[in-house]
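Visitor: Sending over a structure as structure tokens; questions will come in a sec.
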Amino acid sequence: MKVLILIGNVPDTNTKVKFNADRTAFDTAGVQWIINPWDELALTRALEVKEAQAGAIESITVANVGRVETEATLRKALAIGADKAFRIDADPADAYTVAAQLAPHCKEYDIIFAGVEASDYNGNAVGPMLAELLDIPSIAGVSGFNVENGKAVFTREIDGGSQTVTAPVPVMAIVQKGIAKEPRIPAMRGIMMARTKPLQVIPPQAVDARMKYAGFDLPPAKAACKKFTEEQARELIHALRDEAKAL
Amino acid sequence: MNFEFTEEQLMIQQAARDYAQRELITDVLERDRTGDFPHKHVKALSELGFLGMMVSPEWDGGGMDTVSYVLAMEELSKVDASVSVIMSVNNSLVCYGLEKYGNDFQREKYLKPLARGEKIGAFLLSEPEAGSDATSQRTMAVDMGDYYLVNGTKNWITNGNSASTYLLIVQTDPAKKHKGITALIVEKDSPGITLGPHEDKMGMRSSDTHSVMFNDVKVPKENRIGEEGFGFTFAMKTLEGGRIGIAAQALGLASGALERAIAYAKERKAFGTAIANHQAIAFKLADMAVKVENARNLCLKAAWLKDQGKPYGYASSMAKQYAADIAMEVTTEAVQIHGGYGYVKEYHVERLMREAKLTQIYEGTSEIQKIIISRELLK
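Residue numbers (our numbering), protein chains in the order written: chain A, 1 to 247; chain B, 1001 to 1379.
Here you go:
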């Protein structure tokens, strides 16, 4: 099976978010970029399956839509263990642009993994849009993945339990946290080999964004915490549990 | 002039940071209490390639440069200097010594498993009566034809128990004094080797430090590094590189303490505001940051010179002396900023302070570094 993992290039989760003067764009000055955490977990799980079952996964490709400065993020994915990468040389203006740029280059893959969202704009949209454009089934909320008897098996967390799903390939899996325990740290050998693994740069097609950002605002500062004494806490629990039946 | 790191160097820094902040932090306090050797971390760091990261891929190493090594050492040492000293001794003393001065037979047999991290190494120079004065070696190796017979005692040996491969400095011709010193590779399980107890140290408590006694230990001649009499030069040249590792360790202790002090000063309130808003604390943080930045620059300069194939002994002594001395100062100030909380173990900074002390002592005391620096100035 050929696996493709979509890699979001996102600001480090500790970044202090700032916007430009007219609030129309995120200020990227001094930002450290990382692999979108959900995508990194999907890559880790795909590698675990590839290593545990010889032949189950033929290759792991990583891809993104972005300019040259995003290549460091793709090379980190190669250092972690992906076999090859491609980058579509366009600005990821909105989710549709990303999905439409990717679609013509995704046809050879059996399983495409996309993070449920990216930790920057949290659009929750690229995976489902790409599945739609490719006209392939899409499984949302995937928190487990394995290959059993040559078939891709996914686990989904559902209310009160979990669900096991198989699907004909090609299939899109939209992953949640939990698909792998922790993202894999690249080993020295991987970092060295990342230099020589293929990273193809693909010219973009003409795609018009469907969305325009009108403006950005920071959320209001969090109000100070309210402290309760032990007696007050008891009263509060009583009011919520026994009177309002909210607990 | 370029202060930018390469993409690979940044990746290695991040990998070390991730491992330290995710894994080392989980049991560092417990190991400080028990003194248990960090087997699982050494294994994990070996698998990631840190234990032999500077060895050429030809000998199964990571093929990374010394700048990357400094970045990795700093990140690991911010959290756990016991683990980083195991890595430092293995990389910059044992692996470096074997790769640079060993022959292919020795590299194949001893360097490869060390570079892969399957085995770890120790460097045996100090003796009960030969610390800073390394010329006064009393451990004797007598030429018995096709082997040497070794007798004597080595002290303060990092990885003393956990190492499989010893690089041992011995006297083969006392009349020639330091020109009669020779370096040998010794397998730790050779008959006649016994260990003293695990030293109960002030800091770096989970690195295993032992004295090692040699009683009629046979060492094959093929395990001699270079010629007889080369041992003193070998030890001094190897320690030049080792000092970069310990300098980076001291840097990590200081920068780790600074990070903790900044976080605490922003959080802790006194007189109605965060203590960081009191100039007494803010200025302390500024002084600490300048020292850390200077130490980092000295470490990176020494590493860069080594990577460029230029002489680096003078620079590595400066880095080691300065970084070790400011590590002591910065960690002490971090404890002060934490007040009473700094004096309890849960907040880590008292441990960093205890560990910083050793960086002024081992792999050449701060005073020895000043001898090296001043001799160079007064040539």
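Built from N, CA and C at the ideal position, the CB exists for glycine as well.
Do B:ALA1327 and B:ALA1265 have their CB atoms nearer than 8 Å?
Guide: Taking 8 Å as the Cβ cut-off, B:ALA1327 and B:ALA1265 do not qualify as a contacting pair.
Visitor: In angstroms with no decimal places, state the Cα-to-Cα distance between B:LEU1114 and B:GLY1256.
Guide: When rounded, the distance between both Cα atoms is 29 Å.
Visitor: Select from A:VAL68, A:GLN53, A:HIS105 the residue whose C-alpha is nearest the C-alpha of A:GLU148.
Guide: Considering only alpha carbons, the answer is A:GLN53.
Visitor: Got a sec: which bits of the stretch 1089-1123 of chain B sit with their beta carbon under 7 Å from any beta carbon on chain A, in order along the chain?
Guide: Cβ contacts with chain A: none found.
Visitor: When you compare only the Cα positions, how much space is there between B:ALA1315 and B:ARG1296?
Guide: Their Cα atoms are separated by approximately 12 Å.
Visitor: Going by the DSSP bridge assignment, what does B:THR1153 pair with across the sheet?
Guide: Bridge partners of B:THR1153: B:MET1213.
Visitor: Enumerate, from N- to C-terminal direction, the unbroken alpha helix (DSSP H) stretches of 4 or more residues contained entirely within the stretch 1279-1333 of chain B.
Guide: Counting only runs of 4 or more, we get 1279-1307.
Visitor: Interface residues of chain B around A:GLU230 at Cβ under 7 Å?
Guide: Neighbours of A:GLU230 on chain B: none; closest Cβ ~23 Å, over 7 Å.
Visitor: Between B:ILE1244 and the rest of its own chain, which residues show a CB-CB distance below 8 Å, the 5 nearest in sequence each way excluded?
Guide: Within the same chain, B:ILE1244 has close Cβ partners THR1066, TYR1069, VAL1070, SER1092, CYS1299, ALA1302, ALA1303, LYS1306, TYR1312, SER1316, ALA1319, LYS1320.
Visitor: Pull out every residue of the stretch 1003-1018 of chain B whose Cβ sits closer than 7 Å to any Cβ of chain A, in chain order.
Guide: Those residues of the stretch 1003-1018 of chain B that come within reach of chain A (Cβ to Cβ, closer than 7 Å) are GLU1007, GLU1008, MET1011, ILE1012, ALA1015, ASP1018.
Visitor: So, are the CB atoms of A:ILE80 and A:ASP39 less than 8 Å apart?
Guide: Against a cut-off of 8 Å, the Cβ pair of A:ASP39 and A:ILE80 comes out as no contact.
Visitor: For a contact meaning CB atoms closer than 8 Å, what does A:PRO198 contact in chain B?
Guide: By Cβ distance, chain B contributes nothing, its closest Cβ being about 17 Å from A:PRO198, past 8 Å.
Visitor: Any Cβ of chain B within less than 8 Å of the Cβ of A:ILE185?
Guide: With 8 Å as the cut-off, A:ILE185 counts as an interface residue toward chain B.
Visitor: By Cβ distance, which residues of its chain are closer than 7 Å to B:ASP1036, with the 5 residues on each side in sequence left out?
Guide: Excluding positions up to five away in sequence, the list reads SER1206.
Visitor: Indicate the three-state DSSP secondary structure (helix, strand or coil) for B:SER1126 in the structure shown.
Guide: The answer is coil: DSSP assigns B:SER1126 none of H, G, I, E or B.
Visitor: Which residue wins for smallest C-alpha separation from A:LYS84, given the options A:PHE26, A:LYS16, A:ALA99, A:ASN64?
Guide: With distances taken between Cα atoms, A:LYS84 lies closest to A:ASN64.
Visitor: Taking the alpha-carbon of B:ARG1224 as reference, which of B:ASN1215, B:TYR1362, B:ASN1103 has the nearest alpha-carbon?
Guide: Closest by alpha carbon: B:ASN1103.
Visitor: With a cut-off of 8 Å, does the C-beta of A:ARG189 fall near any C-beta of chain B?
Guide: With 8 Å as the cut-off, A:ARG189 counts as an interface residue toward chain B.
Visitor: May I ask you to report which of helix, strand or coil DSSP gives B:GLN1336?
Guide: The answer is helix: DSSP assigns B:GLN1336 an H, G or I state.
Visitor: Who are B:PHE1003's beta bridge partners in DSSP?
Guide: The partner list for B:PHE1003 (beta bridge, DSSP) is empty, contrary to what the question assumes.
Visitor: Shorter than 8 Å from the beta carbon of B:MET1073 to some beta carbon of chain C?
Guide: No chain C is part of this structure, whose protein chains are labelled A and B.
Visitor: Would you mind listing the beta strand (DSSP E) stretches within the stretch 1159-1184 of chain B that are 3+ residues and don't spill past its ends, in chain order?
Guide: Qualifying beta strand (DSSP E) stretches, in chain order: 1165-1171.
Visitor: Do B:SER1126 and B:MET1204 have their C-beta atoms within less than 8 Å of each other?
Guide: No, the pair does not count as a contact, with Cβ atoms beyond the cut-off.
Visitor: I need the boundaries of the beta strand (DSSP E) containing A:SER143, first residue and last residue.
Guide: Its beta strand (DSSP E) spans residues 138-148.
Visitor: For B:PHE1230, which option in B:LYS1188, B:LEU1184, B:THR1194, B:MET1202 has the closest C-alpha, if you only look at C-alpha atoms?
Guide: Comparing Cα positions, the closest option is B:LEU1184.
Visitor: Mind pulling the chain B residues with CB within less than 9 Å of A:MET192?
Guide: Within chain B, the residues near A:MET192 are GLU1008, GLY1049, PRO1057, GLY1062, GLY1063, MET1064.
Visitor: State the Cα-Cα distance for the pair A:LEU47 and B:PHE1123, rounded to the nearest angstrom.
Guide: Straight-line Cα distance between these residues: approximately 38 Å.
Visitor: Between which two residues does the beta strand (DSSP E) containing B:ASP1143 stretch?
Guide: Its beta strand (DSSP E) spans residues 1140-1143.
Visitor: Step through the CB atoms of chain B and report whether any lies within less than 8 Å of the CB of A:ALA72.
Guide: Yes, A:ALA72 lies at the interface with chain B (some Cβ there is under 8 Å from its Cβ).
Visitor: Could you work out which residue in B:GLY1062, B:GLU1099, B:SER1084 is closest to A:MET188 when comparing CA atoms only?
Guide: Closest by alpha carbon: B:GLY1062.
Visitor: Would you list the one or two residues that DSSP bridges to B:ARG1022?
Guide: According to DSSP, which records beta bridges pairwise, B:ARG1022 is partnered with nothing at all.
Visitor: Name the chain B residues that come within less than 7 Å of A:LYS107, Cβ to Cβ?
Guide: The premise fails here: A:LYS107 is roughly 31 Å from chain B at the closest Cβ pair, so nothing lies under 7 Å.
Visitor: Which chain A residues are close to B:MET1053, counting only those with a beta carbon under 9 Å from its beta carbon?
Guide: Within chain A, the residues near B:MET1053 are MET188.
Visitor: Report the CB separation of B:LEU1010 from B:TRP1059 in whole angstroms; it is logged as a contact under 8 Å.
Guide: Incorrect: roughly 25 Å between the Cβ atoms, too far for contact.
Visitor: Under 8 Å: do the stretch 134-146 of chain A and the stretch 159-172 of chain A share three or more Cβ pairs, one atom per stretch?
Guide: A contact exists between the stretch 134-146 of chain A and the stretch 159-172 of chain A.
Visitor: Could you tell me whether any Cβ in chain A is nearer than 8 Å to the Cβ of B:ARG1022?
Guide: At least one chain A Cβ lies under 8 Å of B:ARG1022.
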